[in-house]
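Sequential numbering of the sequence shown, starting at 53, is according to our numbering. Glycine residues also receive a C-beta, built at the ideal position from the N, C-alpha and C atoms. Since this is a predicted model, take the numbers as computed values, not measurements. Below is one structure; the comments refer to it alone.
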Amino acid sequence: MPTWDGESVPDTGSLEQDLTEWANIIARDINRPERARYLRAMVAARIDLVANCAITDTRRDQAAEMVRRADERGEKTPTVPQILDHIVAPLYYPVATLGAKVQSSTTRCLLLRP
Numbered sequence: 053m054p055t056w057d058g059e060s061v062p063d064t065g066s067l068e069q070d071l072t073e074w075a076n077i078i079a080r081d082i083n084r085p086e087r088a089r090y091l092r093a094m095v096a097a098r099i100d101l102v103a104n105c106a107i108t109d110t111r112r113d114q115a116a117e118m119v120r121r122a123d124e125r126g127e128k129t130p131t132v133p134q135i136l137d138h139i140v141a142p143l144y145y146p147v148a149t150l151g152a153k154v155q156s157s158t159t160r161c162l163l164l165r166p
C-alpha cells in the first residue's frame, strides 16, 4: 500500500521500526508547503464534524497493515486507534491547525511514549 508520497508502507521486520519510518514519511509529506496548505484548507472548509475523511481512512488502512504484519510475526502490538491517536494525530494537528512544521524530534518523541 503506497503512502501519500508514493512510498510503500515500511516493512522492516519490526513494528517499532515500521512506525518510526512511517511517522517520518508522514512528517516529510505534510511539511511540504502544498500539502500543508491542502490540510489547512480541508480543516477550514469543515462546518460540521466529519464521519469519514480520506486521509484518516488511508492512514488507518496503513496502520492496520503494519499491525497485521506485526501480529503475524508474534509482536505485541498497539491497536490501530492507538496508533492514530498517539502517532498520526499529533503529527497532523500542528500542521493543519497551527501552520507549524513537524520537527524530526517530534516523531522520535511520539514513538518513545509508553
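- Collapsing the DSSP output to three states places S60 in a strand.
- Sixteen is the threshold: since fewer than 16 other Cβ atoms of the shown chains lie within 10 Å of the Cβ of E124, the residue is exposed.
- If you ignore the 5 residues before and after A122, its C-beta comes within less than 6 Å of the C-beta of L67, T129, all in its own chain and listed in chain order.
- Around P62, the same chain offers D70, E73, W74 as residues with beta carbons nearer than 6 Å, after the five sequence neighbours per side are excluded.
- Judged by their CB atoms, L136 and R120 are not nearer to each other than the 8 Å cut-off.
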